Structures are given as structure tokens and as C-alpha cells.
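Numbering (mature numbering (1 follows the signal peptide of the UniProt record, and there is no 0)) for the sequence shown: -27 to -1, 1 to 442.
Some notes on the structure that comes next.
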Amino acid sequence: MRVVDFSFSASFAVLILVLNVVEVCNGSETSRFVRNVEKTVDMPLDSDVFALPPGYNAPQQVHITQGDHEGKAVIVSWVTPNEAGSNKVLYWSEKSKLKKQAFGKVYTYKFYNYTSGYIHHCTISNLKYNTKYFYEVGIGYSPRTFWFVTPPEVGLDVPYTFGLIGDLGQSFDSNITLTHYEQNPHKGKAVLFVGDLSYADNYPFHDNVRWDTWGRFTERSTAYQPWIWTAGNHEIDFVPEIGETEPFKPYTNRYHVPYKASESTAPFWYSIKRGPSYIIVLASYSAYGKYTPQYKWLEMEFPKVNRSETPWLIVLMHSPWYNSYNYHYMEGETMRVMYESWFVKYKVDVVFAGHVHAYERSQRISNIAYNIVNGRCVPVKDQSAPVYITIGDGGNLEGLATNMTEPQPSYSVYREASFGHAIFDIKNRTHAYFSWNRNHDGYAVEADSLWFFNRHWYPVDELSSSEQK
Ligand SMILES: *[C@@H]1O[C@H](CO)[C@@H](O)[C@H](O)[C@H]1NC(C)=O
Ligand SMILES: *[C@@H]1O[C@H](CO)[C@@H](O)[C@H](O)[C@H]1NC(C)=O
Ligand SMILES: *[C@@H]1O[C@H](CO)[C@@H](O)[C@H](O)[C@H]1NC(C)=O
Ligand SMILES: *[C@@H]1O[C@H](CO)[C@@H](O)[C@H](O)[C@H]1NC(C)=O
Ligand SMILES: *[C@@H]1O[C@H](CO)[C@@H](O)[C@H](O)[C@H]1NC(C)=O
Ligand SMILES: [Fe+2]
């Protein structure tokens, strides 16, 4: 199950194997990996990763995300600090070199005594699939050029690789997580981000300067591959004591998502198709009870998923439904009660969540038999149910969630309080390879992994299959 990076010295590799001794209990593992227990601290404002790009009014915090439902559009976002400047994006494909232009809109907002820079969002549409494009922003002052690759056309046996990062923040550990993701030999082509971005709200008056630093820190990845955003609790920024009563104000000004393309009425819940996958993003911090906009949307959304078109059905949310740590324990329970039966009915392959600053992977289980009077409220094995993965281990300043409930529930296959990231590598309609990497290991080392079998095309129990390594 564990692969050792042979670029490491042999003695260090042996040490890793020794430290990986696990306690086995009903098929569940609580990793006894011994990690450094240093305090997690934020990178200071003068850190290299926060440096301003050179030149007057140079565009900064450049980031991209998918801009439509199918993957033929990209939203390009950037901030100019001194003046609004041009809204124009110049873009050209690697093959044609013919420069096209698109125009965006500029936004500014105030938060207590902070005033934002000029936040630009521009959607470029009708792109070709599977094509490398260059793009230029900051036209007229200090232009900067970046690039991205569009996804393959939506389809059945189209390979595609996603990175998974959650609860990133801007500590030294956050920087290690991002570096490990970048250096992972199986690095993704897009990131599924499960919420809690900057943690600016941990500073006095939610110092929004820390939203700017986070944008500059992550630019080295977000400018080149789309990050698919999920809203977490650290995006709420609701502070009535200082007059800030509009929830999600910094987040919604800075990070745009293509929610209208999936008939959503708010940017907190939406869906996209990308290559072989249908990705539904849910909002743990927006109303989800019956009759609410999110409920009505999701009820209409699941029947739209066509597994002959997009075989892999993935759900992202911030607060996990199945979490056996003593942090945020049962916070996902109310949403689970509302939506879990749909996840089983529509055979969701996998649910990725964050919030708990650790890693955990479940068996395929459901808990949907309970009806208030029958007493049948217990998770049971269910091959129509998703695997639940908590990947809130990005490395933010709040530190690791080390306190776990005991005994480990039998449905929890593997849990470990270490910082890291994961990869979901879709090979074809039946197989996807999932791997979790912890920051303490070499870039290529997988601390946990699983071959996923698609719930529609190959609904075999992964955990009892000889196909697992
Ligand atoms: C905002 O107010 C806080 C508290 O009074 C102060 O420390 C900070 O320097 C102010 N920032 C700006 C940009 O005025
Ligand atoms: C962050 O990581 C990058 C890439 O590894 C490195 O060049 C940079 O010096 C790091 N910065 C800090 C503040 O740790
Ligand atoms: C599902 O997608 C397949 C492949 O694109 C298509 O042939 C089929 O008609 C679709 N089914 C429905 C119900 O739209
Ligand atoms: C772990 O969490 C439990 C439940 O909240 C608490 O009772 C216990 O004291 C915690 N243990 C430690 C070592 O913090
Ligand atoms: C799908 O991918 C898996 C893993 O690479 C492989 O074993 C399997 O043969 C592939 N299936 C088809 C139909 O190509
Ligand atoms: Fe959170």
C-alpha cells in the first residue's frame, strides 16, 4: 500500500516505514505516524510568497476557474492595486498565435477600514478543448502573461486528474502543502478546493490584507490551473460588531464561480462538468433545509447527471458528514439528514470535504433507514453510497486536529492528523486512483491510496477486491 520515494536516502526511507506502523482494529487504521509537533505559524507579511509583482499597477492575485458548465470557458481574475486600468484580457492558443480579446468587469469593496484594490473578473468563452492558451492581463501598465490548458471534451473514457486541497491558509505549512502538490509526479490538472481559503478572519477586524496576501501566495498555481471553489466557514466574514453584516463579502468579490451556468441562484452551490466528471459543489453555510433555494436546486440537479456522458459523480462540501475526530464533531449531521438518501439513490462516487484539519477516508456506508420511530440510525455498509474523504489538512494557522473519537468507528478506514493533499486520477469509466500525500514524506510518497471503482459502470466493493495494490 505504501510506496517509498527512492530519491530519498535509503535510511530515511526505512525510517518512514518504521514510523508507519499502524494499529489495526476491525479493518480501521488510526495511523501512528510520528510527526513534528511544531506550532503552525503564518508566513510574515514580508515573505517571498507575498511579494508584489514589479511595475506600476501590475496585476496581482491572478487566478482562474472554470467559466461555464462544460469546460469551454475560463474566468480570469486579477487585482490591480493603484487604479482600475484595463478590463481587457488578451489570449491566444499555442497553435494559432492570433490574439483575441475579452472584457471583464471591475469590483471594489470596503470591509470596516479596509478598501480593496480593483478586482477584475473576465470570462473568456468558446475555447477549444484540450488546448494550451496564453493570456495577458494588466494591459496598458505592467502586463503579465500566464497560461492554462483547457480540459478534454466531456466524455466516457477521458482520463483526467484532479488535485485536492482544503483549509489551506497561509502558514509555512500551507506553503509546504502547495509545494508538495506542485512537485507531486501525478499533480492534477485542476484543483478541487474544499473551502477555507485565506483565514483572514483570524486577524483583528478580519484584516483583509490577508485576503490579498493569500491571493499572491496561491497565484503560482491558481493562475495556471483552475481551482474549483467551495465556500467554507472562514469565507463568511460576518462581523456585526464592526458593522460587517453582509456574509461572504470578501469571498464573493474576489472568487467568482460559474453558478448561473448550472441554473443555481447563488455562488455557493453549483455544478460543472469537466472531462469525465460531474462535480456538484454544496454550501455547508447556506440554507439547505426543505424548500430552500439550495434544496430545490439539488433536487433538480441530481436527475440531470448522465453517467453515459460523465461517469464520475463527485460532490464537494466544506463540513464533512462522516468525521470521527473530536473537532467539528457532527457539524455536518443536519445536512447529511437532508441529502444523504439522494447521494445513495444517484450513486455518488465520492464526497470530498474539509473543515477538520486532518485526513480521513471512510468505507462505502449510508445511514438512511431511520424514520424517527424505527430506531435504525446506524451507518451500514452500502455499495450504492459514496466514499467520504476529509481532506482539510492544507496547513492553516489553526494547526492539526489531533484529538480523535475512540474507538475508531469501523466505517472509518484510515485516519491521520498530518498536513497534506490528495490526487484523484480518473483513468476511464470504471477506474480512478486516489492517493493521499503527507507533507512529511517525499513528494512521490503515498501515505494512503485506493483504486476507486465507478458506482455506475463497475459497482464492485473496492475494499474486498484483489485489484487493490
Ligand atoms: C484599521 O483599524 C485598526 C484598529 O483600529 C487599526 O489597527 C488598523 O491600522 C486600521 N487599518 C487601516 C488600514 O486604517
Ligand atoms: C514557499 O515555498 C517556495 C517553494 O518551495 C519557496 O521557494 C519559498 O521560499 C517558500 N517561502 C516561505 C516563506 O516558506
Ligand atoms: C446521455 O448521454 C449519452 C452520451 O452523450 C447520450 O447518447 C444520451 O442520449 C444521454 N441520455 C439522456 C437521457 O440525455
Ligand atoms: C479530546 O476531546 C474530548 C471531547 O471533546 C475531550 O473530552 C478531551 O479532553 C480531549 N482530549 C485532549 C487530550 O484534548
Ligand atoms: C480502466 O483502467 C484500469 C486501470 O488503469 C485498467 O485496469 C482497465 O483495464 C481499464 N479499462 C478499460 C476498459 O480500458
Ligand atoms: Fe472550516
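Where a beta carbon is used, it is the ideal one built from N, C-alpha and C, also for glycine.
Just so we're clear, the structure is a prediction, and the values are computed from it rather than from any experiment.
Less than 8 Å between the beta carbons of residue i and residue j, yes or no?
i           : j    : result
I364        : G139 : yes
F425        : E440 : no
S144        : V14  : yes
residue 461 : K246 : Residue coverage of the chain in this structure runs from -27 to 442, which leaves residue 461 outside it and unanswerable.
W51         : V110 : yes
D227        : W200 : Correcting the residue type first, residue 227 is Arg in the shown sequence and not Asp. In this structure, W200 does not lie closer than 8 Å to R227 by Cβ.
N55         : Y29  : yes
F407        : L165 : no
S60         : G77  : The sequence given here has Asn at residue 60, not Ser. Cβ distance < 8 Å, so N60 and G77 count as in contact.
I396        : G161 : yes
D366        : S385 : no
P249        : T225 : no
H207        : D180 : no
H36         : V167 : no
W409        : A417 : no
M311        : Y268 : yes
A285        : W242 : Here residue 285 is Trp; the residue named in the question, Ala, does not match the sequence. Not in contact: W285 and W242 (Cβ atoms no closer than 8 Å).
V323        : V353 : no
N347        : E313 : no
E274        : I252 : no
G368        : G188 : no
E333        : F6   : no
N401        : H153 : no
H394        : L129 : no
W315        : G305 : no
T123        : K101 : yes
Kindly examine ligand 6 and report whether one of its heavy atoms sits closer than 7 Å to the Cβ of residue i.
i    : result
H229 : no
Looking at ligand 3, does it come within less than 7 Å of residue i, judged from the CB to the closest heavy atom?
i    : result
S250 : no
S244 : no
E274 : no
N279 : yes
E282 : yes
Under the three-state reduction of DSSP, which class applies to residue i: helix, strand or coil?
i           : result
E435        : helix
T81         : coil
V(-14)      : In this prediction, V(-14) has a pLDDT of 34, which is less than 50 and means its spatial position is unreliable; what the coordinates show is noted afterwards. Of the three classes helix, strand and coil, the one that applies to V(-14) here is helix, per DSSP.
I396        : strand
I215        : helix
R(-26)      : Bear in mind that the predicted position of R(-26) carries a pLDDT of just 37, short of 50, making it unreliable; the figure below should be weighed with that in mind. Of the three classes helix, strand and coil, the one that applies to R(-26) here is coil, per DSSP.
A163        : strand
G367        : coil
D130        : coil
L(-9)       : Caution applies to L(-9), whose pLDDT of 40 falls short of 50 and renders its modelled position unreliable; the value that the coordinates give is listed next. Of the three classes helix, strand and coil, the one that applies to L(-9) here is helix, per DSSP.
Q441        : coil
S357        : coil
P303        : Correcting the residue identity first, residue 303 is Met in this sequence and not Pro. In this structure, M303 counts as coil in the three-state DSSP scheme.
R337        : strand
K222        : helix
T403        : coil
L170        : coil
S147        : helix
T195        : helix
W430        : coil
M377        : strand
T186        : helix
E389        : strand
Y102        : coil
residue 459 : This structure gives no information on residue 459, because the portion of the chain shown stretches from -27 to 442.
N347        : coil
E419        : strand
Given the structure, does residue i come close to ligand 1, in the sense that its CB is under 7 Å from one of the ligand's heavy atoms?
i    : result
Y87  : yes
F178 : yes
Can we count residue i as close to ligand 2, meaning its CB is less than 7 Å from some heavy atom?
i    : result
T191 : no
Closer than 5 Å to ligand 6: residues, by C-beta to nearest heavy atom, in chain order: That query returns the following residues: D169, G205, N206, H328.
Counting by C-beta, which residues lie closer than 6 Å to a heavy atom of ligand 5, in chain order? Listed by position along the chain, the residues with Cβ atoms less than 6 Å from a non-hydrogen atom of ligand 5 are K400, N401, T403, H404.
Considering only heavy atoms of ligand 4, list every residue whose Cβ is less than 7 Å from one of them, following chain order. The set, ordered by position in the chain, is N299, N376.
Around ligand 2, Cβ to any heavy atom closer than 6 Å, ordered along the chain: Those residues having their beta-carbon less than 6 Å away from any non-hydrogen atom of ligand 2 are, in chain order, M16, S20, D21, V22, F145, N148, T152.
Cβ contact (3+ pairs, closer than 8 Å) linking the stretch 203 to 212 and the stretch 37 to 53: Output reads no: the stretch 37 to 53 does not touch the stretch 203 to 212.
The stretch 289 to 302 in contact with the stretch 362 to 376 per 3-pair CB rule at 8 Å: At 8 Å Cβ cutoff, the stretches touch.
For the 8 Å Cβ check, are there 3 or more pairs between the stretch 66 to 74 and the stretch 89 to 109? Counting Cβ pairs under 8 Å, three or more are found: they touch.
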